[in-house]
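Numbering (the UniProt record's numbering), first residue to last: 1 to 296. Reviewing the structure listed below.
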């Protein structure tokens, strides 16, 4: 048991060697832990609001990135004795909900409730912005760094080409994704600060949405060698509390078709995060009832 936070823990990140992990939450701090001893090695303060995302990067996972509701992304050096961040990125205009560091391309990806995905090129000192048009709750990067998977509060999970910002495929949602993308593009055209806007690439049927993400931070991910996209979801607001039932959904990356839907059980209002184990061929989901469910 690792107990030092005074408020809710909102995100975790683990080093590649499993020796340390970082945790963030409502107390506005970033905690660096030693797994074996259960003690905090470092604590960094500097954010002015809750910290919602954390990620390791750099040589031997020596850099910690944190994203906050104060709209800043801060970088911390685990090898330095200073308690100050080595860099602060302030381009976001709303809460930074998700982070991903891709070392082969020396880049940091951030998703924000301002509806944008930002890609920071650390070598060139540049940032590219892709407009989703709705709050971004999750970002994941493909292994080759060419594609970003982004979950948004309009109920769509977008697979975005990092080269040009085009949406290659969209998963979930309901009705026509083309209509959703058109609305996002219209918003982007009126926003002179947006370098690029999301464009349509996929259409879905008119059936009632089965995947719902309209109010909570739901994390999505790749699985099975990046041949599958999977995500948890929320219960439909139209369902009664007794009938409420959340699911984990899986889509084929190439076709966009829903290929699996697994129930998390009655009364579970949301499956907020998922993780895939490539070696074990199993996945885990974090649920609103306080349980972690593992499926093989």
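Here a beta-carbon is modelled for each residue, glycine too, at the ideal position from N, C-alpha and C.
*Three CB pairs or more closer than 8 Å across the segment 133–140 and the segment 75–92*: Result no; under three Cβ-Cβ pairs closer than 8 Å.
*Kindly list the residues whose CB is nearer than 8 Å to the CB of residue 192, restricted to its own chain and excluding five residues on each side of it in sequence; keep chain order.*
Summary for residue 192: the model assigns pLDDT 42, below 50, so the residue's position carries little reliability, and this model does not support an answer.
*Would the beta-carbon of residue 249 fall within 9 Å of that of residue 222?*
At the C-beta level, residue 249 and residue 222 stay beyond 9 Å of one another.
_Please classify residue 282 as buried or exposed, where buried requires at least 16 other C-beta atoms within 10 Å of its C-beta._
The residue is exposed, with fewer than 16 neighbouring Cβ atoms inside 10 Å.
*Is residue 103 helix, strand or coil when you go by DSSP?*
Residue state, collapsed to three classes: helix.
*Return helix, strand or coil for residue 234, following the three-state DSSP convention.*
It is a strand residue.
*asked:* I need the straight-line Cα distance from residue 295 to residue 276, nearest angstrom please.
replied: A straight line joining the alpha-carbon of residue 295 with that of residue 276 spans about 10 Å.
*Between residue 11 and residue 30, which are expected to be in contact by the criterion C-beta below 8 Å, what is the C-beta distance as a whole number of angstroms?*
Not a contact, Cβ separation roughly 10 Å.
*Run through the segment 246–281 for me and flag every whole alpha helix (DSSP H) of 4 or more residues, listed as ranges in chain order.*
You should have found no qualifying run.
*asked:* On the criterion of 16 or more Cβ atoms from any shown chain inside 10 Å, does residue 19 qualify as buried, or is it exposed?
replied: It counts as exposed.
*Classification of residue 52 by the beta-carbon crowding that lies within 10 angstroms, buried from 16 upward*: Result: buried.
*Using DSSP with H/G/I as helix, E/B as strand and the rest coil, what is residue 163?*
It is coil, neither helix nor strand.
*Pull up the CB-CB distance for residue 147 and residue 162, whole angstroms please, since I reckon it's below 8 Å.*
The C-beta distance from residue 147 to residue 162 rounds to 7 Å, short enough to fall under 8 Å.
_residue 153 versus residue 267 - alpha carbon distance_ = One Cα belongs to residue 153, the other to residue 267, and the distance between them is close to 22 Å.
*Among 109, 165 and 113, which one has its Cα closest to the Cα of residue 71?*
Taking only the C-alpha atoms, the option nearest residue 71 is 113.
_Pull the bridge partners of residue 218 from the DSSP assignment, please._
Per DSSP, none; premise fails for residue 218.
*Enumerate in chain order the residues of its own chain whose CB-to-CB distance from residue 42 is below 7 Å, with the five nearest sequence positions on each side excluded.*
32 and 78.
*Should residue 130 be labelled buried (16 or more other beta-carbon atoms within 10 Å of its own) or exposed?*
Buried, since its Cβ has 16 or more Cβ neighbours within 10 Å.
*What residue range is occupied by the uninterrupted beta strand (DSSP E) comprising residue 12?*
DSSP places residue 12 in the uninterrupted beta strand (DSSP E) bounded by 9–14.
_Using only the alpha-carbon positions, how far apart do residue 217 and residue 56 sit?_
Note on geometry: alpha-carbon atoms of residue 217 and residue 56 lie some 20 Å from one another.
*Around the Cβ of residue 95, are there at least 16 other Cβ atoms within 10 angstroms (buried) or fewer (exposed)?*
Buried, by the Cβ-count rule.
_Assumed close pair residue 2, residue 26 - CB separation to whole angstroms, cut-off 8 Å_ = With a beta-carbon spacing of about 16 Å, residue 2 and residue 26 fall beyond the 8 Å limit used to define contacts.
_Per DSSP, what are the beta-bridge partners of residue 223 in this structure?_
Residue 223 is bridged to 228.
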